[in-house]
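Structure record follows, encoded as C-alpha cells.
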Amino acid sequence: MKIIGSCPFCQREVGSDLRPINQLNMEHINILANELKDFEPVTKSECQRSQHSTTPSQVSSTESNDSQSVSLLTEAMLNMVRREFELPADAEEQIPSDHAELILAMLSEEQNCYDKFLQNKSSKTGSKRSRK
Numbered sequence: 147m148k149i150i151g152s153c154p155f156c157q158r159e160v161g162s163d164l165r166p167i168n169q170l171n172m173e174h175i176n177i178l179a180n181e182l183k184d185f186e187p188v189t190k191s192e193c194q195r196s197q198h199s200t201t202p203s204q205v206s207s208t209e210s211n212d213s214q215s216v217s218l219l220t221e222a223m224l225n226m227v228r229r230e231f232e233l234p235a236d237a238e239e240q241i242p243s244d245h246a247e248l249i250l251a252m253l254s255e256e257q258n259c260y261d262k263f264l265q266n267k268s269s270k271t272g273s274k275r276s277r278k
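147 is the number of the first residue of the sequence shown in my numbering; add one for each residue after it.
Structure below.
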C-alpha cells in the first residue's frame, strides 16, 4: 500500500485509498501478546518445536522485552493462521473477527516494514551507481 500522507486528526499514515493505516506500537503489541498468551496455553510439544527451530545466533542474552513480545505475538498469530488453514472448508469453527483483524494489522505492518526496507535498499543502490 502506498502511503500518501498522514491524517491531521489521528496522526496515522494515510494510504492511497485515503484511509488511515492501523499501526501497532509496542504498547499495543505487549497488551495483545499477554492476552493471547492467557487465551492460548502453549503445549509442551509446541515449545520444544519452537526452541529447536531457532539457531544459536538468533538467541541472545540481551534480547529485549519488546522483541520477546513481538515474537510471542507473531508465534500466537501463526498458530491461529495454521489452525484456520487446517480446518476443512465447511467447518463450523472459524477464526474470530478480532483475531483476523489482529493478523491483518500485523501483516500490514510487516508489509510497511518490508516496503521501507526495499526503498532504503534501492536508494542505497542508486547512490552507489551515481558514484561510479
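Backbone N, C-alpha and C define an ideal beta-carbon position, used for all residues, glycine too.
Ile175 and Gly161 closer than 8 Å at C-beta: The count along the sequence shown starts at 1 and reaches residue 175 at position 29. The count along the sequence shown starts at 1 and reaches residue 161 at position 15. No, the pair does not count as a contact, with Cβ atoms beyond the cut-off.
Own chain partners of Ser203 with C-beta closer than 6 Å, once the 5 adjacent residues on each side are dropped: Walking along the sequence shown from the start, residue 203 turns up at place 57. Reliability of the predicted coordinates at Ser203 is poor, the pLDDT of 48 falling under 50, and no value is obtained from them.
Beta-carbon gap between Leu224 and Leu178 smaller than 8 Å: Here residue 224 refers to the residue found at position 78 when the sequence shown is read from its first residue. Here residue 178 refers to the residue found at position 32 when the sequence shown is read from its first residue. Taking 8 Å as the Cβ cut-off, Leu224 and Leu178 do not qualify as a contacting pair.
Test item: CB-CB of Glu167 and Ser243 under 8 Å: In the sequence shown, counting from the first residue as 1, residue 167 sits at position 21. In the sequence shown, counting from the first residue as 1, residue 243 sits at position 97. With the sequence shown as reference, residue 167 is identified as Ile, and Glu is not the correct amino acid for it. In this structure, Ser243 does not lie closer than 8 Å to Ile167 by Cβ.
Where Leu250 falls, given that 16 or more other Cβ within 10 Å makes a residue buried: In the sequence shown, the residue the question calls residue 250 occupies position 104. So Leu250 ends up on the exposed side.
Rounded separation between Ser268 and Asn180 - CA only: Here residue 268 refers to the residue found at position 122 of the sequence shown. Here residue 180 refers to the residue found at position 34 of the sequence shown. Cα-Cα distance, rounded: 37 Å.
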